[in-house]
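So the number in this note's numbering is just where the residue sits in the sequence shown, counting from 1, plus 316. All residues carry an ideal CB built from backbone N, CA and C; glycine is no exception. To start, the structure under review is shown below, and the notes come after it.
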Amino acid sequence: PLSDEEGCELVELMRARSWVLPGAGDVMAGWMVAAMLAGVMPISPHVWINAPQGTGKSTFRDDLRAVYGDAKIDPDGGHTTDTGIRQTITGVALPVVIDEAEGGDDEKAQKNIRRWIELMRIASYGGTILHGGADGTPRKYQIKCSFALFSVANSIERAADSSRCIVLD
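What follows is the structure, encoded as structure tokens:
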């Protein structure tokens, strides 16, 4: 929990960044609060931060990690699988913060990122993923959380996904 003074400091910290879109700092501060309330909100928002190499995306991600402490899930990079994320977030509504969300020429990483986007779509309204186990026992994953991804350029291709994810530069 933040005091009113601490909340104002957080908003000012977000406003102090060099955003392309006016008001983006307020949007980001709002996402930070909404991400912690994802389990009780009807819609869980997602944000994708795009910025050129060397402009502080990883530092910004580290700031989010510091604000959330243990109350977040923060895998690194394109080699994290959707299965790993799904198994970690099932039943919890913690923010998922992923840096280096670009696959470059790595086909496996690109596939992982596309599957993260599928998870984001499901997590937007809360959903259940069913997977069959090797032993014939189905596994049920409840997905309801907010994602923040950081990359040089986002990988959103479908209109259904862009309507669920705020893209900030």
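Approximately 5 Å separates the beta-carbon atoms of Val412 and Phe463; this is inside 8 Å, confirming the contact. In the structure shown, Gly443 falls within a strand segment according to DSSP collapsed to helix, strand and coil. Look at Leu465 here: in three-state DSSP terms it is strand.
The DSSP-derived three-state label of Gly346 is helix. Contact between Asn428 and Gly394 holds, with the beta-carbon distance rounding to 5 Å and staying under 8 Å. Annotated as proximal: Leu446 and Lys456, with beta-carbon spacing under 8 Å. Contact check for Ser374 against Asp422 fails: the beta carbons are separated by 8 Å or more. Distances from the CA of Leu329 to each of Glu434, Leu410 and Met344 were compared; the closest alpha carbon is that of Met344. Pairing Ala367 with Val468, the inter-Cα distance amounts to about 5 Å. In the three-state scheme derived from DSSP, where H, G and I count as helix and E and B as strand, Leu326 is classed as helix. Looking at the backbone, the Cα of Ser334 and that of Ala340 are separated by about 9 Å. Looking at the DSSP output, Asn366 shares a beta bridge with Ser467. The alpha helix (DSSP H) runs of length 4 or more contained entirely in the segment 378-416 are, from start to end of the chain, 398-405. Between Ile438 and Val363 a beta carbon distance of about 17 Å is seen, past the 8 Å cut, so the two are scored as non-contacting. Annotation: the continuous beta strand (DSSP E) that includes Pro454 extends over Pro454 to Ile459. Around the beta-carbon of Asp386, fewer than 16 other beta-carbon atoms lie within 10 Å, marking it exposed.
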